[in-house]
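Be aware that the sequence shown starts at 0, since it is given in numbering that gives the first Met the number 0, and climbs by one per residue.
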Amino acid sequence: MKKNVTLPQKLIELRLNFRKKDGSVGLSLREAAKLITENGYAIQHAGYAKWEKMGANLPKRSAIEAICRSFQIGAEELLAEFRSVTKRRVSAQRFEILASKIPLLEDEEFDIVITLIDSFVSKAYANQTSAES
(Lines of atoms letter the chains of each structure in order from A and count residues from 1; the text may use other names and numbers.)
(Lines give C-alpha, C1' and ligand atoms only; values in the text may rest on other atoms or scores of the structure.)
Protein backbone atom coordinates (compact mmCIF):
# COMPACT_ATOMS: atom_id res chain seq x y z
CA MET A 1 0.00 0.00 0.00
CA LYS A 2 1.43 3.38 -1.00
CA LYS A 3 1.85 5.81 1.87
CA ASN A 4 0.47 9.30 1.39
CA VAL A 5 3.01 12.10 1.36
CA THR A 6 2.29 14.60 4.11
CA LEU A 7 1.83 18.28 3.33
CA PRO A 8 5.18 19.22 4.93
CA GLN A 9 6.95 16.52 2.89
CA LYS A 10 5.15 17.67 -0.27
CA LEU A 11 6.25 21.28 0.33
CA ILE A 12 9.86 20.17 0.80
CA GLU A 13 9.70 18.12 -2.41
CA LEU A 14 8.16 20.99 -4.36
CA ARG A 15 10.77 23.44 -3.08
CA LEU A 16 13.77 21.18 -3.67
CA ASN A 17 12.59 20.06 -7.13
CA PHE A 18 11.49 23.48 -8.39
CA ARG A 19 13.04 24.22 -11.78
CA LYS A 20 14.15 27.84 -12.03
CA LYS A 21 14.17 29.87 -15.23
CA ASP A 22 17.97 29.59 -15.41
CA GLY A 23 17.66 25.78 -15.53
CA SER A 24 18.91 25.15 -12.01
CA VAL A 25 16.82 23.12 -9.61
CA GLY A 26 15.80 23.80 -6.03
CA LEU A 27 14.82 26.80 -3.95
CA SER A 28 16.10 27.99 -0.61
CA LEU A 29 13.52 28.76 2.07
CA ARG A 30 13.94 32.46 1.28
CA GLU A 31 13.41 31.86 -2.44
CA ALA A 32 10.31 29.75 -1.77
CA ALA A 33 8.86 32.43 0.49
CA LYS A 34 9.60 35.09 -2.14
CA LEU A 35 7.93 32.99 -4.85
CA ILE A 36 4.79 32.51 -2.76
CA THR A 37 4.74 36.22 -1.90
CA GLU A 38 4.96 37.03 -5.62
CA ASN A 39 1.98 34.71 -6.16
CA GLY A 40 -0.32 36.48 -3.73
CA TYR A 41 0.47 35.45 -0.14
CA ALA A 42 3.01 37.50 1.80
CA ILE A 43 5.22 35.26 3.92
CA GLN A 44 8.74 35.35 5.33
CA HIS A 45 11.12 32.40 5.04
CA ALA A 46 10.65 31.50 8.72
CA GLY A 47 6.90 31.20 8.20
CA TYR A 48 7.43 29.00 5.16
CA ALA A 49 9.88 26.85 7.13
CA LYS A 50 7.17 26.23 9.74
CA TRP A 51 4.91 24.76 7.04
CA GLU A 52 7.63 22.22 6.27
CA LYS A 53 7.70 20.95 9.85
CA MET A 54 5.56 17.99 10.91
CA GLY A 55 2.81 18.97 13.31
CA ALA A 56 2.71 22.57 12.10
CA ASN A 57 -0.54 24.37 11.44
CA LEU A 58 -1.79 24.11 7.90
CA PRO A 59 -1.49 27.16 5.68
CA LYS A 60 -4.58 29.33 5.25
CA ARG A 61 -6.73 29.02 2.14
CA SER A 62 -5.15 32.07 0.50
CA ALA A 63 -1.69 30.63 1.20
CA ILE A 64 -2.66 27.28 -0.31
CA GLU A 65 -3.87 29.07 -3.42
CA ALA A 66 -0.55 30.95 -3.68
CA ILE A 67 1.42 27.72 -3.10
CA CYS A 68 -0.54 26.03 -5.89
CA ARG A 69 0.09 28.94 -8.27
CA SER A 70 3.77 29.09 -7.30
CA PHE A 71 4.51 25.41 -7.84
CA GLN A 72 1.88 24.87 -10.56
CA ILE A 73 0.14 22.13 -8.63
CA GLY A 74 -3.54 21.50 -7.98
CA ALA A 75 -4.98 21.83 -4.50
CA GLU A 76 -6.12 18.22 -4.62
CA GLU A 77 -2.57 17.01 -5.24
CA LEU A 78 -1.12 19.34 -2.61
CA LEU A 79 -3.62 18.17 -0.01
CA ALA A 80 -3.65 14.51 -1.08
CA GLU A 81 -2.59 13.34 2.39
CA PHE A 82 -6.09 14.13 3.60
CA ARG A 83 -7.58 11.65 1.17
CA SER A 84 -7.82 8.56 3.31
CA VAL A 85 -6.13 5.43 2.00
CA THR A 86 -7.88 3.13 4.44
CA LYS A 87 -11.29 4.77 4.63
CA ARG A 88 -13.08 4.20 1.35
CA ARG A 89 -16.38 5.77 2.40
CA VAL A 90 -15.65 9.04 0.59
CA SER A 91 -15.65 8.42 -3.13
CA ALA A 92 -13.35 10.31 -5.48
CA GLN A 93 -16.40 12.17 -6.77
CA ARG A 94 -17.35 13.33 -3.26
CA PHE A 95 -13.75 14.38 -2.62
CA GLU A 96 -13.80 16.40 -5.85
CA ILE A 97 -16.98 18.14 -4.70
CA LEU A 98 -15.35 19.04 -1.39
CA ALA A 99 -12.10 20.17 -3.03
CA SER A 100 -13.99 22.36 -5.53
CA LYS A 101 -15.76 24.20 -2.70
CA ILE A 102 -12.64 25.03 -0.68
CA PRO A 103 -11.77 28.14 -2.73
CA LEU A 104 -15.25 29.51 -1.99
CA LEU A 105 -14.61 29.68 1.75
CA GLU A 106 -13.55 32.79 3.61
CA ASP A 107 -10.30 32.44 5.55
CA GLU A 108 -12.12 32.09 8.89
CA GLU A 109 -14.40 29.39 7.49
CA PHE A 110 -11.44 27.60 5.96
CA ASP A 111 -9.63 27.69 9.32
CA ILE A 112 -12.63 26.03 10.98
CA VAL A 113 -12.72 23.29 8.33
CA ILE A 114 -8.96 22.71 8.66
CA THR A 115 -9.23 22.50 12.46
CA LEU A 116 -11.97 19.91 12.10
CA ILE A 117 -9.99 17.92 9.53
CA ASP A 118 -6.85 18.13 11.69
CA SER A 119 -8.76 16.67 14.63
CA PHE A 120 -10.00 13.75 12.51
CA VAL A 121 -6.58 13.16 10.98
CA SER A 122 -4.76 13.28 14.32
CA LYS A 123 -7.27 10.84 15.80
CA ALA A 124 -6.86 8.49 12.81
CA TYR A 125 -3.06 8.83 13.01
CA ALA A 126 -3.09 8.05 16.74
CA ASN A 127 -5.28 4.98 16.11
CA GLN A 128 -3.01 3.83 13.26
CA THR A 129 0.14 4.34 15.36
CA SER A 130 -1.29 2.41 18.31
CA ALA A 131 -2.41 -0.40 15.99
CA GLU A 132 1.11 -0.65 14.51
CA SER A 133 2.69 -0.87 17.98
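Just so you know, even glycine gets a beta-carbon here, dropped at the ideal spot from N, CA and C.
Item, Value
"Given 8 angstroms, three or more beta-carbon pairs between the stretch 67 to 74 and the stretch 46 to 55", "no"
"Close-in-space but distant-in-sequence residues of the same chain around P7 (CB under 8 angstroms, 5 per side omitted)", "W50, E51, K52, M53 and A55"
"Entirely enclosed beta strand (DSSP E) segments - the stretch 45 to 78, minimum 3 residues", "none"
"7 angstroms Cβ shell around L104 - same chain, five flanking residues per side excluded", "R60 and V112"
"Beta-ladder partner(s) of R18, from DSSP", "V24"
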